[in-house]
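Inspection log for the structure reproduced underneath, given as structure tokens.
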Amino acid sequence: MNKQSIQKSAASGLVFGIIVIFFALIGFTVVFSGLIQKALGQSLGVGQIPSISSFLIFLGLLGIWNGWRASRQDKHETLSVKKVLGRSAIAGLVAGVLVMVYALIVGALNNSGINLRTYLSQLSSESVRFFLFNQTIVVGGLIHVFYSTLMAVIGGFLAVASERSRERVKSTRESIQKWSQDRWLGKLQGNPYVSYVLMGVVLLLLVLLPRTWGAYWNYVMGTVGIYVLLGLGLNIIVGLSGQLVLGYVAFFAIGAYTFALTTSPEPHNLVWNFWIALGVAVLAAALSGILIGLPIMRLRGDYLAIVTLGFGEIIRILLRSDILKDFTMGPRGVRNIAGPTLFGRSFTTDVDFMYLIILAVLLSIFLARRWQESSIGRAWLAISQDETVAQATGVDTQKYKLLALSLGAAFAGLGGALFASRNQFTGPEDHALMVSINVLVLVIVGGMGSIPGVVLGAFALKGLPEILRELESYRLLVFGALLVVMMIIRPEGLWPARRPKLEVPVEQDHEPVPLPATAGGEK
Amino acid sequence: MKTVLEARQVSKIFGGLVAVNKVDLVVPEGAIASIIGPNGAGKTTLFNCISGFYTPELGDVLFNGRKIQGMLTDKVAAMGIARTYQNIRLFKNMSAVENVMVGFEPHLKHGWMKAMLKTPDYQKEQKHIINEASRLLHYVGLAGLGDNLALNLPYGAQRRLEIARALANQPKLLLLDEPTAGMNPQETDAMKDFIRHIRDDLEITIILIEHDMRVVMNISDQISVLDYGQKIAEGNPKEIQANPRVIEAYLGPGAAALSEKYRREKTHDA
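Here the protein sequences come in this chain order: A and B. If you number the first sequence the way the numbering used here does, the last residue is 528 and the count never jumps. If you number the second sequence the way the numbering used here does, the last residue is 1672 and the count never jumps.
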């Protein structure tokens, strides 16, 4: 083993040791062990310390990962058992010793009667003893060293095994693919009815699910749906036309307040029909998009971002200020906002709202796709990639940028109106900066300019935190970590946009071919 | 012959630098006019004044007799002036055929409402521009590469794609900024013939900035030479080759004297 290889192994061990210590410090070891215990089907009461065996599984997984990572230092080398043994053992040992040192310190402090919780709220006496496997300090520390090394070596062997079997796995996968392509998948792909059937299944799910999964999930998924609407709109503005607008929440607020003020008995006593108010809210948002767009047409990039950021805040501050108190109720917000009615009947249960949001989302996806795939979508993309050249190529950039702003704002207006109607309330704090940031993040995470990306991004951003509720106070940590990891491994987004295939073959006969059809030149 | 483009005393000033100094240029219809000159002579700046990127501080730019200085570039493009760029500027993350389709933008009639409703006349127009864009790709020798992203095309193909996009504007005047930069001799020859074809097949007047003298001398009807922002010579290729001021601008004052001496010796020998 050369020096470099030893260094890399030790570095890997160091990283994993620090990760384990960090997890222990924030109490994540206890929570995740509890999750493993629950996943294995054993019950665990609230506030109860999970079993040692689930903690061992958690540590073991980390250890195996450590060994795996340390063994695979170079993509192009073939691994030998000897190499791997050395590397993984070093990595495991380094991690283990580091953790042991931590365990000794914390254990000794705990034994001497110092209450660590005054400094780190998660380090209760039980959790420290749990970390030492309920043994004495020295024995617990040594178990950490031994176990970490053992698991790292196992990880190393797994790495060798996976490499040895890679060829076989690949050929098996290819033969399965070929078989399925020949037998049924190929036929299915060519069959137009398959997509209809798939669409039917999705529609059926959309009809049945809101009825079956209860009010809580209707609320969560309704929020996801509203964020899909917002994402579709911002996707037009940022993803397609390339204008970095950070005050998108302003349009959401304008939609919500227009709807609220026209349907609530207070403060104006305009109790309009739901559908008319909805239309007016969408129109008002679209119009505000144009009005805001006009002065900022000449701004690009950072400047546009800063100005729109300010604009979003101005709207929120105006809404809660005293100047407009008689008009918008100030910080109290508007209450008793109307729900949807149809032929005189009102539809205000959670299921009805879910259906309404699903309909709005489907309609919006349909419209957004139409625009995106038309010449308008192409002009937007051209502007986002090189505005100067797009204009010199004949694209009326002002017109298209305003169009993007106002169409994008219209989606936000729709989302805002539905949001206000569902909550029967809207106040200035519903329209804080975080909404803009969230929507921007979901567009980026999903994949700029991609409609399926927006839907996935909304689920990841608004649905995932609900699913992660199990992790209690760690859910934002895990969520942040997931976002970071995702942006590292898939920087182009979950579902990146692809360009359509459009070129049609040209008949060769009566066409002049002045330039020889070689690609030519160096790349 | 009818004049397509006329520049009258055009000047462009950046701070204290006079990039283009009182340049006159008259380009007759159907001509291939070249602008040459050493690096930094103001050739591209003059192009930018013509295509609307810059508004000249002094002087007029007339296109078919109409003043166009100060107009937005999209209006200039719609009037019939298209251009390519010295450093290739494509819409990189769009496919090649989409790049060309954007070029049809000034001639599209149907807006966002019709795109939303997908009316029959909108669909017809879309189908038409897809066909036309594919034909243009074929015309510049990129048939079959249309669905690749522009950034994935090789260098030579990117240059051709830029020309195809400019042609999609259906221009009357085409400004080519160093179309053979970075090409090998074979490609340069092909490009030279192609430029002539564009003029002959499509009846487009062409203004060319070019450093490759074989290309310039071979295809130009008229050559203007810029140096330090001023036009120092104008004429057909023969006249320019013999012009001592041009030689001086390119090779320095000593070279002009040397060449004069050489020529005298040559005539003396004969």
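Glycine is no exception: its CB is placed at the ideal position from the N, C-alpha and C atoms.
Contact between A/F279 and A/P345 is confirmed by a C-beta separation of about 5 Å, below the 8 Å threshold. Think of a sphere of 9 Å around the beta carbon of B/D1549: the chain A residues whose beta carbon falls inside it are R504, P505, K506, L507, E508, in chain order.
Under DSSP, B/Q1632 shares a beta bridge with B/D1629. Within the region 403-432 of chain A, contact with chain B at the beta-carbon level (separation under 7 Å) is assigned to L408. Between the region 364-381 of chain A and the region 1466-1478 of chain B, the count of Cβ pairs shorter than 8 Å is below three; the stretches do not touch.
According to the DSSP assignment, B/Q1525 belongs to the alpha helix (DSSP H) that extends over 1522-1541.
Taking the Cα of B/N1489 as reference, the smallest distance to any Cα among B/N1423, B/V1627, B/K1640, B/G1558 is reached at B/G1558. The Cβ atoms of B/I1608 and B/R1601 sit closer than 8 Å to each other. The Cβ atoms of A/V440 and A/F257 sit closer than 8 Å to each other. The residue among B/F1493, B/I1597, B/F1506 with its C-alpha nearest the C-alpha of B/A1535 is B/F1506.
By alpha-carbon distance to B/K1445, the top candidate from B/M1619, B/L1539, B/D1629, B/P1639 is B/D1629.
In the three-state reduction of the DSSP assignment, A/T354 falls in the coil class, being assigned neither a helical nor a strand state.
The C-beta distance from A/V99 to A/G18 rounds to 3 Å, short enough to meet the 8 Å contact threshold. Below 8 Å, enough C-beta pairs join the region 22-33 of chain A and the region 109-127 of chain A to call them touching: three or more.
In the DSSP assignment, A/N278 falls outside any beta strand (DSSP E), carrying neither H nor E.
Residue-level contact by beta carbon fails for B/K1445 and chain A, as no gap is shorter than 8 Å. Between the beta-carbon of B/Q1624 and that of B/N1638 there is about 6 Å, and that keeps the pair under the 8 Å contact cut. Along the region 1405-1493 of chain B, the beta strand (DSSP E) occurs as fully enclosed runs of 3 or more residues at 1405-1416, 1419-1430, 1434-1438, 1460-1465, 1483-1485, listed in sequence order. Put simply, the CB of A/T398 is near chain B, with a gap under 8 Å to one of its CB atoms.
Annotated as proximal: B/L1551 and B/M1496, with beta-carbon spacing under 8 Å. Among the residues of chain B, none has a CB under 8 Å from the CB of A/V86; the nearest is roughly 42 Å distant.
Secondary structure at B/I1600: helix, using DSSP grouped into helix, strand and coil. With contacts defined by Cβ atoms closer than 8 Å, A/L84 and A/V165 form a contacting pair.
A direct Cα-to-Cα measurement between A/Q12 and A/V86 gives close to 19 Å.
From the listed residues A/S426, A/L407, A/M334, A/G382, the smallest Cα separation to A/T353 is found for A/S426. The beta carbon of B/D1549 sits closer than 6 Å to those of S1497, all from its chain and outside the five residues before and after it, given in chain order. Residues of chain B whose Cβ lies closer than 7 Å to the Cβ of A/I381 are, in chain order, W1514, A1517. In the DSSP annotation of this structure, the continuous segment of the alpha helix (DSSP H) that includes A/L98 starts and ends at 86-116.
Taking CB atoms only, A/D357 has no neighbour in chain B less than 8 Å away.
B/T1582 carries a coil assignment under DSSP once its states are collapsed to helix, strand and coil.
Taking the C-beta atoms as reference points, B/D1579 is found nearer than 8 Å to B/R1485. Under the rule that a run must span 4 or more residues, the alpha helix (DSSP H) segments found entirely inside the region 296-343 of chain A read 306-325, 330-333. Under the three-state reduction of DSSP, A/Q140 is assigned to coil, being neither helix nor strand. Contact of B/E1431 with chain A is not assigned, every C-beta pair being separated by 8 Å or more. Excluding five sequence positions before and after B/V1406, the CB atoms of its chain that fall closer than 6 Å to its own CB belong to V1429, E1431, L1575, T1607, given in chain order.
Taking 8 Å as the threshold, the shortest C-beta distance from B/R1616 to chain A does not fall below it.
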